[in-house]
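J.:
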Amino acid sequence: EAGVAQSPRYKIIEKRQSVAFWCNPISGHATLYWYQQILGQGPKLLIQFQNNGVVDDSQLPKDRFSAERLKGVDSTLKIQPAKLEDSAVYLCASSLVSGTSGRGGNEQFFGPGTRLTVL
Amino acid sequence: SQQGEEDPQALSIQEGENATMNCSYKTSINNLQWYRQNSGRGLVHLILIRSNEREKHSGRLRVTLDTSKKSSSLLITASRAADTASYFCATAYGGATNKLIFGTGTLLAVQP
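Residue numbers (our numbering), protein chains in the order written: chain A, 1419 to 1537; chain B, -18 to 93.
1) Please report the straight-line C-alpha distance between A/P1443 and B/G(-3), rounded to a whole angstrom.
2) With B/E(-14) as the anchor, note down where its beta strand (DSSP E) starts and where it stops.
3) With DSSP collapsed to three states, give me the class of A/S1519.
4) Only counting the same chain, and skipping five residues up and downstream in sequence, which positions put a Cβ closer than 6 Å to that of B/F83?
5) Flag B/G84 as yes if its beta-carbon sits less than 8 Å from any beta-carbon of chain A, otherwise no.
6) Hey, does A/E1503 have any beta-carbon neighbour from chain B nearer than 8 Å?
7) Who are B/A73's beta bridge partners in DSSP?
8) Closer than 9 Å by beta-carbon distance: list the chain B residues that pair up with A/N1442, in chain order.
9) So the candidates are A/I1497, A/G1490, A/P1461 and A/A1448; which of them puts its Cα closest to the Cα of B/L81?
10) What residue from B/P93, B/S49, B/L88 and B/N79 has the CA that sits closest to B/Q14's CA?
11) Which residues bound the beta strand (DSSP E) around B/V91?
12) What does the alpha-carbon distance come out to for the pair B/N(-1) and A/S1512?
13) Over what stretch of residues does the beta strand (DSSP E) that includes B/G23 continue unbroken?
14) Using three-state DSSP, classify B/A59 as helix, strand or coil.
15) Out of A/A1500, A/Q1477, A/F1483 and A/C1510, point me to the one whose CA is closest to B/G23's CA.
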């Protein structure tokens, strides 16, 4: 079974520039997540999609971050303009279901991440 | 913050020894999950324990959950050098969204 795919793996930009990350979840997974992981910390959820609808974006800095999941499959996360504090690894994850009624709960499968450095 | 906290922050043991990590959290949960992260394989789900369960096993892993104390522990028995990684607990909150909140992690180093 193919895992969660992300690209690019690394990105270096200067502050105030824009950047976009792409994610393709595991086939059949309805729920897709974007996390930000700053060095030395655990991942922090930015946005959660169920199919092509947003179910939680409470921690997404909406003045500069945006995300979409057209057609309920792959997704893009954009930062515009980037700040120095956006330097982090951006992780995409997917799961079969988000609710507790699903078989196996909602264990998430993570992609390799994109390491963003903002200079 | 709803983030869980792991204890200890770092742990160094010899191969063959057991490793125990603890996680505390703040509010009621649907389930609690443990994940491992290393440079080779990224972030990988290890085990999930539901709020109505007290103990769960998977291979060399044993997880306990005490909802009255809002705490969980992960025991890795007969550790191997390949177990060297950061371990995170993640608590699932909410109804339909089942949002995951990750802890700060325990860095485990297993010396050969």
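Note that the Cβ used here is the ideal one computed from N, Cα and C, for glycine as well.
T.: So, from the data block:
1) Looking up residue 1443 of chain A in the first sequence gives position 25. Looking up residue -3 of chain B in the second sequence gives position 16. Their Cα atoms are separated by approximately 37 Å.
2) Against the second sequence, residue -14 of chain B aligns to sequence position 5. First-last of the beta strand (DSSP E) with B/E(-14): E(-14) to D(-12).
3) In the first sequence, the residue the question calls residue 1519 of chain A occupies position 101. At A/S1519, the pLDDT of 46 sits below 50, so the modelled position is not reliable and the matter cannot be decided from this model.
4) Counting from one through the second sequence, the residue named residue 83 of chain B turns up at place 102. If we look at B/F83 and ignore the five residues flanking it on each side, its Cβ neighbours are F69 and A71.
5) Here residue 84 of chain B refers to the residue found at position 103 of the second sequence. Closer than 8 Å: yes.
6) Residue numbering aside, residue 1503 of chain A sits at position 85 when the first sequence is read from its first letter. So no, A/E1503 is outside the interface.
7) Residue mapping note: residue 73 of chain B aligns to position 92 of the second sequence, counting from 1. B/A73 is bridged to B/N12 and B/L81.
8) Indexing the first sequence from 1 puts residue 1442 of chain A at position 24. What A/N1442 touches in chain B: nothing, since even the nearest Cβ is about 15 Å away.
9) Residue mapping note: residue 81 of chain B aligns to position 100 of the second sequence, counting from 1. B/L81 has its Cα closest to that of A/P1461, out of A/I1497, A/G1490, A/P1461 and A/A1448.
10) Start at 1 with the first residue of the second sequence, and residue 14 of chain B comes out as number 33. The option with the nearest alpha carbon to B/Q14 is B/N79.
11) Within the second sequence, numbered from 1, the residue matching residue 91 of chain B stands at position 110. First-last of the beta strand (DSSP E) with B/V91: T87 to Q92.
12) Position 18 of the second sequence, counting from 1, holds the residue named residue -1 of chain B. Position 94 of the first sequence, counting from 1, holds the residue named residue 1512 of chain A. About 32 Å.
13) Indexing the second sequence from 1 puts residue 23 of chain B at position 42. Note, B/G23: beta strand (DSSP E), G23 to R31.
14) Within the second sequence, numbered from 1, the residue matching residue 59 of chain B stands at position 78. Coil.
15) To locate residue 23 of chain B, count along the second sequence from 1; it is residue 42. The candidate whose alpha carbon is nearest that of B/G23 is A/C1510.
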